[in-house]
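First the structure, in the form of structure tokens, and then the observations on it.
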Amino acid sequence: MSSDGTLNYLNVTHGLKSWLLTLDHKRIGILYLIGVSMFFAVGGLFALLLRVELLTPEPWFIESDTYNKFFTLHGVVMTFFFLIPSIPAIFGNFLVPIMIGAKDMAFPKLNLFSWYVYMVGGFLGVGAIALGGVDTGWTFYTPYSSGYASSQVILAASAAFVAGFSSILTGLNFIVTIHKMRAPGMTWFRMPLFVWGHYATALIMILGTPVIAVTLLLLMLERGLGIGIFDPKLGGDPILFQHLFWFYSHPAVYIMLLPGMGVISEIISCFSRKPIFGYNFIAFSSLAIAILGFLVWGHHMFTSGQSVYTGVVFSLLTMAVAVPSAIKVFNWTATMFKGSVSFSAPMLYALGFIALFLVGGLTGVFLATLGLDIHVHDTYFVVAHFHFVMVGATVSAYLGALHFWWPKMTGRMYPQTPARVSALLTLFGFVLAFLPQFVLGYLGMPRRYHTYPDEFQLLHVFSTAGASVLGVGFLIPAIYLVWSLFFGKLAPANPWFAKGLEWDIQSPPTTFNFEETPIVKEEPYAYDGPLPDNSEEVLKAGENYGV
Amino acid sequence: MVSSSAAVAGHDDHHHNPHLAHHFEDLQQQRESHALGMWLFLAQEFMFFGGMFGAYTIYRYFYPVGWMAGSQQLNVTIGAANTVVLLCSSFTMAMAVRAAQLGSKKGVIQQILLTMFFGSVFLVVKYFEYYEKFEHGLMPFSTLGLEFTNVVKEVPGAQLFFSFYFGMTGMHALHMVIGFGLFVWVIIHTLQGKVTPEKHSVVENMGLYWHFVDIVWIFLFPLLYLLGLNGEPVIGVHH
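Order-wise, the sequence lines are chains C and G. Quick note on numbering: the first sequence equals residues 1 to 547 in our numbering. Quick note on numbering: the second sequence equals residues 548 to 786 in our numbering.
If you want it as structure tokens, here you go:
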């Protein structure tokens, strides 16, 4: 993309083959960006169709069977093919080696292999759609999924199973890279918090994902061979499926969230021009969330045959997750306090993240409360809660990362004004789409229902309107980012005047990132106050930087 | 953040060493990375089997008598003999690693072939064991037309035991078969002269994998076979 003649990872070789066989972690990150964007579009399309269908209390353009398939495919695609790989596989791949001063990930071939595994998983998922779809919900609960559903359960489960291996291998690569590839002077506590976030995420990927793999495998064996692991007719226990499923799938929420939190730490510090407040606390709270995340799965079974004692223990452990989460929010806020805050597009997304995560996280504490959860279990309240965390927070972080590192990845600047507008639009659209769902859920609207009483219609219409605005908010960046690839101004090495190794090298970087292995002598986030507003450099970059 | 003038290792210094991948600084870093990567892979394998062992444990608690009855259908003698065969394969695998450390190409290939031999014996024995279960109506694969008809069906949980027996030993056998594929790859690697005393992570990691698969069996043998020795015969014991 660079047209100023310098060699970089994008123009060093050409042709499809040079991309499909690349071992460069940055190119692999771009390959993931393409794949993930594709599946995001598919998942988003299904979401919009669902919202349009829910405009009326009675079915109006799809049948109930189709409705069930649409929400399942929306969930499967968004969870396994967008949210879980999004930030780690794209930005983690691209940035973790650079941020620690390495030339590549520890296992470049494995890295490429995991992209292919991911794509195979994705196409199995699309195949499941093409061959008639699945109607079990993304959770594949037994015994419906194993014995009764007459849709493409095995194909959809195998898609998630295969995608899981991609996730495991990516996590493995991160941990080895972070342990063994750090440049001299890059001590553990000089690593950017983005890297800490990915380290914690990788732990979950390696220790959690195999459990969902074996669970889905047992489900497929039960459905395909008729063995009775979860089948009550043969003495099996369907609740066991739920336990095994959530042992991974709850920590998976933190796979979606922790890398995003790493992104937010980078952006907040940069656009407040202050060192991050409480570095150690943020780093360790990532690990704390990863560990606690493994001890809370039972809160998904408060109403499905779990002893009250177990419920109480899981309730308390779940509330404990609020502590490290709050530590992060307090530290980000304290970083901005008396900082020199500017509102570039990445910063707007980061602020949106904090607002939405606050609501999503606090309603999580409501849901951890046993008594309240009995009332709102499996209602739109839960749907709104996890969309605030997984869509509101994670997608904000994802778009924030895209806007923050886009100049580094592509060598091009995008226009600030439409970027800021779309950041505000997504925030507004999101709140309009999901705030009414808290009310709907509290009033008793169950999730996954195709029809509803007339008095809920107004709130549903609000929600659909918000989803439409959200869709536009996602569409605008797609347009100006693609536009910027061809017509955007060339990006300097460090358009945001940010700290970190990735900003010390050219945009886009060369294939091996560094000419010479860097020696790190500085603490992370060594920001030293506001930019001098008369510096020529700043004035020149003013339009992009937003000062 | 960076003092770019001071380079610790010139980028081109190590390009003469054909054993060092471009993105590593030295052989030690490369070796340590390969070892750590393998251990992490085994950690995920541990969690994978852990899911099944966990489910096994829960049902063992739900159906102690059914588990006993199921276990008593298994042939302890054959299981024990097969355990010894597998332990022999672990020994030869360790010898292959030793040969790699000493730089003996021939030794590596010989010992891996021996390991594959013992592994094959194990799988052949497993085949006949499975066949025996088939004859006795102990296969719970109803959608394949293999109904669980054995009299032990009367004991609640016994059929479930066999779901786990086939699930767990099947998954173990699948890991062995994958191991065979990897063995072939390691042999080719060795023949190409890519295994040397200073770089033999491939053989080391192969050894770790194979020992892990053996350790899984070391747990499966008591949990599946020896369990039934612990009490009075429940029903329809064949052995």
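For each residue, glycine too, the CB sits at the ideal point set by N, CA and C.
Is residue 556 of chain G helix, strand or coil by DSSP? Low per-residue confidence applies at residue 556 of chain G: pLDDT is 40, beneath 50, and the placement is therefore not dependable, though the value from the model is reported in the following sentence. In the structure shown, residue 556 of chain G sits in coil (DSSP, three-state: anything other than H, G, I, E or B).
Is the beta carbon of residue 71 of chain C sitting closer than 7 angstroms to the one on residue 50 of chain C? yes
At 4 residues or longer, what runs of the alpha helix (DSSP H) sit wholly inside the stretch 249-304 of chain C? 279-293
Opposing strand residues paired with residue 446 of chain C [DSSP bridges]: Residue 446 of chain C pairs with C:379.
Check the Cβ of residue 293 of chain C against every Cβ in chain G and list those closer than 8 angstroms, keeping chain order. By Cβ distance, chain G contributes nothing, its closest Cβ being about 14 angstroms from residue 293 of chain C, past 8 angstroms.
Which residues mark the beginning and the end of the alpha helix (DSSP H) in which residue 408 of chain C is found? 394-410
For residue 768 of chain G, which residues in chain C fall below 8 angstroms Cβ to Cβ? Here the premise fails: no neighbours, minimum Cβ distance about 20 angstroms.
Kindly indicate the opening and closing residues of the alpha helix (DSSP H) around residue 53 of chain C. 25-53
Look at the alpha carbon of residue 46 of chain C and the alpha carbon of residue 74 of chain C, and state the distance between them as a whole number of angstroms. 5 angstroms
State yes or no: is the C-beta of residue 360 of chain C within less than 7 angstroms of the C-beta of residue 388 of chain C? Note that the C-beta distance between residue 360 of chain C and residue 388 of chain C is below 7 angstroms.
On the CB-based measure, 16 or more other CB atoms within 10 Å of its CB, does residue 414 of chain C come out buried or exposed? By the 10 Å Cβ count, residue 414 of chain C comes out buried.
Determine, using beta carbons only, whether residue 616 of chain G comes closer than 7 angstroms to chain C. no
Pick helix, strand or coil for residue 549 of chain G, following the three-state DSSP scheme. Since pLDDT at residue 549 of chain G reaches only 42, below the 50 mark, its modelled position is unreliable, and no value is offered.
Proximal residues, the stretch 95-113 of chain C versus chain G, C-beta separation under 9 angstroms: For the stretch 95-113 of chain C, residues whose beta-carbon sits nearer than 9 angstroms to a beta-carbon of chain G comprise 97, 101, 102, 103, 104, 105, 106, 107, 108, 110.
So, for residue 401 of chain C: in the same chain, excluding its five sequence neighbours on each side, which residues have a beta-carbon less than 7 angstroms away from its beta-carbon? Excluding positions up to five away in sequence, the list reads 87, 91, 263.
Which of the residues in the stretch 417-439 of chain C, read from start to end, lie with their CB under 9 angstroms from any CB of chain G? Listed by position along the chain: nothing, the set is empty.
Under 7 angstroms Cβ-Cβ, which residues of chain G neighbour residue 168 of chain C? Residues of chain G passing the Cβ test: 591.
Residues of chain G with CB closer than 9 angstroms to the CB of residue 210 of chain C, please, in chain order. Per Cβ cutoff of 9 angstroms: 590, 591, 592, 593, 594, 595, 596, 597, 598.
Take the Cβ of residue 426 of chain C as the centre, count every other Cβ of all protein chains shown within 10 Å, and call the residue buried at 16 or more, exposed below. buried
Which listed residue (C:391, C:14, C:190) has its alpha carbon closest to that of residue 521 of chain C: C:190
Give a yes or no on whether 7 angstroms exceeds the smallest Cβ distance from residue 716 of chain G to chain C. no
Compute the Euclidean distance between the alpha carbons of residue 154 of chain C and residue 754 of chain G, then round it to the nearest angstrom. 34 angstroms
Uninterrupted alpha helix (DSSP H) stretches inside the stretch 153-223 of chain C (no shorter than 4 residues): 153-180
Do you know whose CA, among C:456, C:384, C:64, lies nearest residue 443 of chain C's CA? C:456
Measuring straight from C-alpha to C-alpha, what distance separates residue 134 of chain C and residue 737 of chain G? 47 angstroms
DSSP puts residue 693 of chain G in a beta bridge; with which residues? Beta-bridge annotation (DSSP): residue 693 of chain G is paired with G:688.
If we define contact as Cβ-Cβ less than 7 angstroms, is residue 466 of chain C a contact residue for chain G? Among the residues facing chain G, residue 466 of chain C is not included, as its CB has no counterpart in that chain under 7 angstroms away.
If you compare alpha carbons, which of G:751, G:614, G:638, G:750 is closest to residue 773 of chain G? G:614
Whole angstroms is fine: what's the gap from residue 58 of chain C's alpha carbon to residue 34 of chain C's? 38 angstroms
Less than 7 angstroms between C-beta atoms, sequence neighbours within five positions excluded: which residues of the same chain meet that for residue 779 of chain G? none
Can you find a CB in chain C that lies within less than 7 angstroms of the CB of residue 710 of chain G? yes
Run through chain G and tell me which residues come within less than 7 angstroms of residue 214 of chain C, C-beta to C-beta. 595, 598, 599
Same chain, Cβ closer than 8 angstroms to residue 463 of chain C, neighbours up to 5 away in sequence not counted: 51, 54, 432, 433, 434, 436, 437, 440
What residues of chain G sit near residue 179 of chain C, judged by a beta carbon separation below 7 angstroms? 583
Using a C-beta to C-beta distance shorter than 9 angstroms, which residues of chain C count as neighbours of residue 687 of chain G? Within 9 angstroms Cβ-Cβ: 225, 226, 227, 228, 234.
Counting C-beta neighbours from all protein chains within 10 Å, is the total for residue 528 of chain C 16 or more, i.e. buried, or is it exposed? exposed
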